[in-house]
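Numbering (the working numbering), first residue to last: 405 to 810. From the three backbone atoms N, C-alpha and C, an ideal C-beta is built for every residue, glycine too. A quick note: this is a predicted structure, and the numbers were derived from the prediction, not measured.
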């Protein structure tokens with residue numbers, strides 16, 4: 405019900421700004437921004453218990469973005485359909501160049517797998533369409549709107565018929581590093597516990613969550629990382645397995661790094677989008693020392709976020725970067741290595757996990773399987789039809805190591 409109310413206010417904002425009713429528009433756009441912020445991050449944004457908590461920075465950011473977006477619509481919609489087309493292209497470009505994640509509530513309706521929603525093999529095109537359609541309702545006459553809708557419906561069926569879910573069977577071991585330590589694990593026992601689990605289960609790929617327990621950001625985790633890699637390479641069983649590690653800094657690179665390792669072959673992928681003022685020092689990317697609390701994107705790294713294993717193709721994303729729409733979908737399995745734990749501030753955290761994973765599926769895996777591996781439990785697996793495997797989710801809340809069968 406809350407999502408439906410949110411969509412209604414979203415459309416009301418379009419109506420009010422199209423009529424030039426600025427005062428009412430500002431009132432409702434603030435309500436809409438508050439509601440959208442709460443829907444996405446719940447108690448991390450606002451809560452009344454156990455004490456009152458309100459994150460004004462989130463509201464300010466979302467409200468300013470929405471005001472700018474609707475103001476752009478007000479200016480361009482005066483030019484009719486072509487103005488709306490330019491408007492939709494402009495706000496889609498904002499997400500394409502990773503300035504802001506998409507702020508369109510229609511994305512959240514994908515969890516219902518509604519037939520009318522665009523689901524082409526281009527996430528950017530899907531975003532463009534759901535940005536365009538609401539804009540048209542209040543700038544065109546009824547006949548033109550119906551013509552656009554009919555053209556749109558004629559394009560959906562053939563696009564959706566291209567979807568295929570025929571992929572080879574694969575067993576993936578999920579290693580939720582943070583939950584392992586939360587459940588009482590220690591650095592000394594980590595390798596033995598992990599190796600025992602892998603040897604007891606027939607798995608093709610071992611995937612680590614995004615974490616701060618392995619990497620090169622300080623000497624302690626550097627030693628743990630070097631020891632882990634050495635033990636794997638000297639273990640006759642494990643060295644034949646494929647690993648997808650996640651490191652908090654690696655070698656001289658001051659960024660979160662995914663490393664795919666299979667036998668003696670390895671490839672690196674760095675996080676290509678960092679959260680301003682949290683993961684990076686400001687809005688723009690700037691060099692930082694490896695010892696810094698902040699990260700930076702290193703232009704010298706040759707990114708490679710796809711790999712093949714036993715006839716199955718994979719693509720990797722790291723947490724925040726998976727929220728920005730790609731030009732085209734990957735034909736295989738998409739894995740995101742994530743850590744949403746800082747957003748856990750109450751019972752609504754489950755909704756945050758679902759909505760974050762939903763946005764990731766919309767952005768990078770609309771027509772394929774998505775595994776959003778969490779660090780402290782709450783791993784979510786989406787199938788092609790936007791359905792969540794709740795058995796895996798519930799298991800991941802308790803078990804730090806488990807197997808996902810695709």
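Check your understanding: Buried or exposed: which applies to residue 790, given that a residue is buried once 16 or more other Cβ atoms fall within 10 Å of its Cβ?
Key -> Around the beta carbon of residue 790, 16 or more other beta carbons lie within 10 angstroms, which makes this residue buried.
Practice item. Run through the region 674–731 for me and flag every whole beta strand (DSSP E) of 3 or more residues, listed as ranges in chain order. Key: Correct list: 710–713 and 716–722.
Check your understanding: Fully enclosed by the region 460–523, which alpha helix (DSSP H) runs are 4 residues long or longer?
Key -> Runs of the alpha helix (DSSP H) inside the region 460–523: 460–480 and 484–500.
Point to revise | Beta-bridge pairing of residue 457 - partner residues as DSSP gives them | key: According to DSSP, which records beta bridges pairwise, residue 457 is partnered with 451.
Check your understanding: Where does residue 601 sit, in a helix, a strand or coil, going by DSSP?
Key -> In the three-state reduction of the DSSP assignment, residue 601 falls in the helix class, which pools H, G and I.
Exercise for review: Would you decide whether residue 625 is buried or exposed? Buried here means 16 or more other CB atoms lie within 10 Å of its CB.
Suggested key: Result: buried.
Review point. Straight-line CA distance for residue 528 to residue 590?
Key: In this structure, the CA atom of residue 528 is about 43 Å from the CA atom of residue 590.
**Study point:** Contact set for residue 732: own chain, Cβ-Cβ below 7 Å, skip 5 residues either direction
**Key:** Non-local beta-carbon contacts of residue 732 in its own chain, meaning distances under 7 Å to residues more than five positions away in sequence, involve 525 and 526 in chain order.
Exercise for review: Alpha carbon to alpha carbon, how far is residue 542 from residue 483? Give it in angstroms, no decimals.
Suggested key: The straight-line gap from Cα to Cα measures roughly 12 Å.
**Study point:** Whole-Å CB distance - residue 705 paired with residue 678, under 8 Å assumed
**Key:** About 14 Å separates the beta carbons of residue 705 and residue 678, which is beyond the 8 Å limit, so they are not a contact pair.
Practice item. Assign residue 697 to one of two classes, buried (16 or more other C-beta atoms within 10 Å of its C-beta) or exposed (fewer than that). Key: When all chains shown are included, residue 697 counts as exposed.
Review point. With residue 660 and residue 692 assumed to form a contact (beta carbons below 8 Å), what rounded beta-carbon distance in angstroms separates them?
Key: Taking C-beta atoms under 8 Å as the contact rule, residue 660 and residue 692 fail to qualify, at a distance of about 13 Å.
Check your understanding: Going straight from the alpha carbon of residue 617 to that of residue 628, what length do you get?
Key -> Residue 617 and residue 628: Cα-Cα distance of roughly 8 Å.
Exercise for review: Grab the span of the beta strand (DSSP E) containing residue 647 for me, first residue to last.
Suggested key: For residue 647, the enclosing beta strand (DSSP E) starts and ends at 646–654.
Review point. Of the choices 728, 449 and 801, whose alpha-carbon is the least far from that of residue 586?
Key: The shortest Cα separation from residue 586 among 728, 449 and 801 belongs to 801.
**Study point:** Among 751, 643, 416 and 779, nearest to residue 651 - alpha-carbon criterion
**Key:** Of the candidates 751, 643, 416 and 779, the one whose C-alpha sits nearest the C-alpha of residue 651 is 779.
Review point. For residue 775 versus residue 739, is the C-beta distance shorter than 7 Å?
Key: Yes, they are a contact pair.
Practice item. Compare the beta carbon distance of residue 741 and residue 777 with 7 Å and say whether it is the shorter of the two. Key: In this structure, residue 777 lies closer than 7 Å to residue 741 by Cβ.
Check your understanding: Run through DSSP, which three-state label would residue 740 get?
Key -> In this structure, residue 740 counts as strand in the three-state DSSP scheme.
Review point. In its own chain, which residues sit with a C-beta less than 8 Å from the C-beta of residue 411, not counting the 5 before and 5 after it?
Key: Closer than 8 Å at the Cβ level, and outside the excluded window around residue 411, lie 509, 510 and 513.
Review point. Smallest Cα separation from residue 787: which of 766, 806 and 751?
Key: With distances taken between CA atoms, residue 787 lies nearest to 766 out of 766, 806 and 751.
Practice item. Would you check if the region 718–733 and the region 745–755 touch, i.e. whether three or more CB-CB distances between them fall below 8 Å? Key: Between the region 745–755 and the region 718–733 there are fewer than three inter-stretch CB-CB distances shorter than 8 Å, so the stretches are not counted as touching.
Check your understanding: Got a sec, what are the start and stop residues for the beta strand (DSSP E) residue 809 sits in?
Key -> Here the beta strand (DSSP E) through residue 809 covers 805–809.
Review point. Roughly how many whole angstroms lie between the Cα atoms of residue 734 and residue 773?
Key: Approximately 10 Å, taken between the alpha carbons.
**Study point:** residue 774 - containing beta strand (DSSP E), residue span
**Key:** Here the beta strand (DSSP E) through residue 774 covers 774–777.
Exercise for review: Quickly, what does DSSP pair residue 619 with across the bridge? List them, please.
Suggested key: Per DSSP, 652.
Exercise for review: Note the first and the last residue of the continuous beta strand (DSSP E) segment covering residue 577.
Suggested key: Taken as a continuous stretch (DSSP letters only), the beta strand (DSSP E) holding residue 577 covers 575–579.
Check your understanding: Looking only at C-alpha atoms, which of 556, 461, 551 and 545 sits nearest to residue 533?
Key -> The option with the nearest alpha carbon to residue 533 is 556.
Check your understanding: Do you know offhand how far residue 761's Cα is from residue 784's?
Key -> Cα-Cα distance, rounded: 7 Å.
Check your understanding: So which of 442, 435, 449 and 481 has the shortest CA-CA distance to residue 423?
Key -> Comparing Cα-Cα distances from residue 423 to each of 442, 435, 449 and 481, the minimum goes to 481.
Check your understanding: Is residue 445 helix, strand or coil by DSSP?
Key -> Reduced to three states, the DSSP call for residue 445 is helix.
**Study point:** Spatial distance of residue 603 from residue 584 (CA atoms)
**Key:** Taking the straight line from one Cα to the other gives about 18 Å.
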